[in-house]
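Visitor:
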Amino acid sequence: MESSHALPVKPLPRVLAGTRRAGRASGAVLPGLAVAVAVALPAAWLSRLVPTVGGPVFGIVVGALAGALLRRMAPRGTAERLRPGFAIASRQVLQASIVVLGTGLSLSDVLRVGVGSLPVMLGTLAMALLGAWAVGGLLGVHSETRLLIGVGTGVCGASAIAAVTAAVGAAEARVAYALGTIFTFNIAAIVLCPPIGHLLGMSQEAFGLWSGTAINDTSSVVATSYSYGTEAGQYAVVVKLTRSLMIVPICVALVLWRSFGRRAQDARQDESAGRRIWRAFPVFIIGFLLASAAATYDAIPASWEPALPVISTFLITLALSGIGLSLKFSKLREAGPRPLLLGAILWAAVGATSVGLQSITGQL
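Residue numbers for the sequence shown follow our numbering, beginning at 242 and rising by one.
#1: Between Leu271 and Gly326, which are expected to be in contact by the criterion C-beta below 8 angstroms, what is the C-beta distance as a whole number of angstroms?
#2: Please report the straight-line C-alpha distance between Leu530 and Asp539, rounded to a whole angstrom.
#3: Using the rule of at least 16 other Cβ atoms within 10 Å of the residue's Cβ for burial, across every protein chain shown, is Cys492 buried or exposed?
#4: Do the region 548-562 and the region 363-371 meet, that is, are 3 or more Cβ pairs less than 8 angstroms apart?
#5: Can you have a look at Thr465 and say buried or exposed, based on whether 16 or more other CB atoms are within 10 angstroms of its CB?
#6: Can you name, in chain order, every residue of its own chain whose Cβ lies under 8 angstroms from the Cβ of Val591, other than the five neighbours on each side?
#7: Return yes when the Cβ of Ser533 is within less than 7 angstroms of the Cβ of Val361, no when it is not.
#8: Residue range of the alpha helix (DSSP H) that Met368 falls in?
#9: With distances taken Cα to Cα, identify the nearest neighbour of Ala305 among Val334, Leu561, Leu598.
#10: Rounded to whole angstroms, how far is the Cβ of Gly308 from the Cβ of Leu559, which I believe are closer than 8 angstroms?
#11: Just how far apart, CA to CA, sit Cys434 and Ser452?
#12: State the DSSP-derived secondary structure class of Met443, mapped to helix, strand or coil.
#13: To the nearest angstrom, how far is the alpha carbon of Ala585 from that of Pro547?
#14: Is the Cβ-Cβ distance between Gly438 and Phe426 less than 7 angstroms?
#15: Return the chain-ordered list of same chain residues with a C-beta closer than 7 angstroms to the C-beta of Glu385, the five sequence neighbours on each side being excluded.
#16: Under 7 angstroms between the Cβ atoms of Gln445 and Ala477?
#17: State yes or no: is the C-beta of Thr344 within less than 7 angstroms of the C-beta of Ile564?
#18: Enumerated in chain order, which unbroken segments of the alpha helix (DSSP H) with a length of 4 residues or greater are wholly contained in the region 385-447?
#19: Give me the Cα-Cα distance between Leu598 and His383, rounded to the nearest whole angstrom.
#20: By Cβ distance below 6 angstroms, which residues in the same chain neighbour Ala403 in space, the five residues on each side in sequence not counted?
#21: Beta-carbon within less than 7 angstroms of Val340's beta-carbon, same chain only, minus the 5 sequence neighbours each way: which residues are those?
#22: So, at 7 angstroms on beta carbons, what are the nonlocal neighbours of Thr319 in its own chain, with the 5 sequence-adjacent residues on each side left out?
#23: Between which two residues does the alpha helix (DSSP H) holding Tyr476 run?
#24: Just verifying my parser: in three-state terms, what is the DSSP assignment at Pro547?
#25: Where Gln475 and Tyr467 are concerned, what is the direct C-alpha to C-alpha distance, given to the nearest angstrom?
#26: Helix, strand or coil for Leu287, going by three-state DSSP, please let me know.
#27: Suppose the cutoff is 6 angstroms on Cβ atoms and the five residues either side in sequence are ignored; what does the same chain contact list for Ser331 look like?
#28: Using beta-carbon positions only, say whether Thr406 and Pro580 come within less than 7 angstroms of one another.
So this is what it looks like as structure tokens:
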């Protein structure tokens, strides 16, 4: 006897159509994603040989070169067929990398740094963001490029650029310019900061605070501060992790600002403010906060801890490989040297602000 509560069954043609659509979608994405992985693997290997450069920078450089070769040598239309996979790498994989990044950032680290270091961190962040807006405007640098260089200088280099790119969908050429600028001044910091620290007679803690707030990428902070001393290195890493937390409010503020700006141009005035905030809030930021909370309360198995930073770095490298593969050098030439000049001015201003605030607060 047939049950009156039988579950509804979709017609077979509809099921088959849905399966075919899913198959076509995966078929469109997988080739490009596979190429991005093929670029990311040697980029990750190169970063082990030259750790001060880092996988993300190698990823976008190798990706850009590989993309140029594909467009020149592959059969016509190949690059366009691979583009959906590149887009997945540069968006969804990028967002996943930020979530995994949160597992290495315990919220309790903020408390260990102490209230005394917060004026220096907040002051240098304000200098980077306001300086990028003001100086970049005077130089005629595109607003997206200004934003990326500002957060890269003020927060944590490639990771901050990746997070903001995931939040606002910045153009590939502007991401490449920002990463190139940040990389240039990371190398300058490794060479110049230790001698300047000795010249100024900085203590281990003072140099750790300075390098943690004035140098961009974590790898460069570690290389620079540990060359000054073990105590400086340990303090700089904690400062750097705490500084990285600013990714969250910056990304949320950017997404909300852009979302409300777009809504204002639409006719959807009946939508409540709460619903607009929920629609605008980036899911990957929620994941980042949950991952950080898990790290804070020791909810992550100890056996996973060595692998998670490696996974996060590789995912960022994969994402930036996808961005590099989509990049066209003609777009870079259009911007000229002005972004690099902006990065130089911000780097010097943030370093001087950090020293000045330490002097004012008695930490130098």
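A virtual CB, placed ideally from N, CA and C, is assigned to each residue, including glycine.
Quick caveat: nothing in here was measured; it's all calculated off a predicted structure.
Guide: If we stick to the structure as given:
#1: The count along the sequence shown starts at 1 and reaches residue 271 at position 30. The count along the sequence shown starts at 1 and reaches residue 326 at position 85. Indeed, because the Cβ distance is near 6 angstroms, the residues count as touching under 8 angstroms.
#2: On the sequence shown, position 289 is the one that residue 530 refers to. On the sequence shown, position 298 is the one that residue 539 refers to. Put simply, the backbone Cα of Leu530 is about 14 angstroms away from that of Asp539.
#3: Position 251 of the sequence shown holds residue 492. A buried status is given to Cys492, since no fewer than 16 other beta-carbon atoms sit within 10 Å of its beta-carbon.
#4: The region 548-562, when compared against the region 363-371, does not touch it at the 8 angstroms Cβ threshold.
#5: Along the sequence shown, read from residue 1 onward, the residue named residue 465 stands at position 224. It counts as buried.
#6: What you label residue 591 is simply residue 350 of the sequence shown in a count that begins at 1. The residues are Thr365, Met368, Ala369, Gly372, Thr394, Gly395, Thr454, Ala455.
#7: In the sequence shown, residue 361 corresponds to position 120, counting from 1. In the sequence shown, residue 533 corresponds to position 292, counting from 1. Against a cut-off of 7 angstroms, the Cβ pair of Ser533 and Val361 comes out as no contact.
#8: Within the sequence shown, numbered from 1, the residue matching residue 368 stands at position 127. 359-380 is the span of the alpha helix (DSSP H), which, as asked, contains Met368.
#9: Taking the first residue of the sequence shown as position 1, residue 305 is located at position 64. When each option's Cα is compared against that of Ala305, the closest is Leu561.
#10: Position 67 of the sequence shown holds residue 308. Position 318 of the sequence shown holds residue 559. The C-beta distance from Gly308 to Leu559 rounds to 14 angstroms, too long to fall under 8 angstroms, and the pair is not in contact.
#11: Counting from 1 along the sequence shown, the entry for residue 434 is found at position 193. Counting from 1 along the sequence shown, the entry for residue 452 is found at position 211. Approximately 8 angstroms between the Cα atoms of the pair.
#12: Translated into the one-based positions of the sequence shown, residue 443 becomes position 202. Residue state, collapsed to three classes: coil.
#13: Locating residue 585 in the sequence shown gives position 344, counting from the first residue. Locating residue 547 in the sequence shown gives position 306, counting from the first residue. If I take the Cα positions, the gap works out to 35 angstroms.
#14: Here residue 438 refers to the residue found at position 197 of the sequence shown. Here residue 426 refers to the residue found at position 185 of the sequence shown. Phe426 is positioned such that its CB atom lies no closer than 7 angstroms to that of Gly438.
#15: For the purposes of this step, residue 385 is taken as residue 144 along the sequence shown, with counting starting at 1. Taken in chain order, the residues that qualify are Ala411, Ala412, Arg415.
#16: Here the question's residue 445 lines up with position 204 in the sequence shown. Here the question's residue 477 lines up with position 236 in the sequence shown. Here Gln445 is not near Ala477, since their CB atoms are 7 angstroms or more apart.
#17: As a first step, residue 344 is located in the sequence shown; it is residue number 103 there, counting from the start. As a first step, residue 564 is located in the sequence shown; it is residue number 323 there, counting from the start. No, the Cβ-Cβ distance between Thr344 and Ile564 is not below 7 angstroms.
#18: Whole alpha helix (DSSP H) segments, 4+ residues: 398-409, 413-440.
#19: Residue 598 sits at position 357 when you count from the first residue of the sequence shown. Residue 383 sits at position 142 when you count from the first residue of the sequence shown. The alpha-carbon atoms of Leu598 and His383 are separated by roughly 30 angstroms.
#20: To locate residue 403, count along the sequence shown from 1; it is residue 162. Counting only Cβ-Cβ distances below 6 angstroms, and skipping sequence neighbours, we find Leu335, Ile557.
#21: By one-based count along the sequence shown, residue 340 stands at place 99. Excluding positions up to five away in sequence, the list reads Phe525, Gly528, Phe529, Ala532.
#22: Start at 1 with the first residue of the sequence shown, and residue 319 comes out as number 78. For Thr319, same chain residues with a beta-carbon under 7 angstroms away, outside a window of 5 residues either side, are Leu311 in chain order.
#23: Along the sequence shown, one-based indexing puts residue 476 at 235. First-last of the alpha helix (DSSP H) with Tyr476: 471-485.
#24: As a working note, residue 547 is residue 306 in the sequence shown. Of the three classes helix, strand and coil, the one that applies to Pro547 here is coil, per DSSP.
#25: As a working mapping, residue 475 is identified with position 234 in the sequence shown. As a working mapping, residue 467 is identified with position 226 in the sequence shown. Using only the alpha carbons, I get a separation of about 8 angstroms.
#26: As a working mapping, residue 287 is identified with position 46 in the sequence shown. Residue state, collapsed to three classes: helix.
#27: Residue mapping note: residue 331 aligns to position 90 of the sequence shown, counting from 1. Cβ within range, chain order: Ala560, Gly563, Ile564.
#28: The residue you call residue 406 lines up with position 165 of the sequence shown. The residue you call residue 580 lines up with position 339 of the sequence shown. Cβ distance not < 7 angstroms, so Thr406 and Pro580 don't count as in contact.
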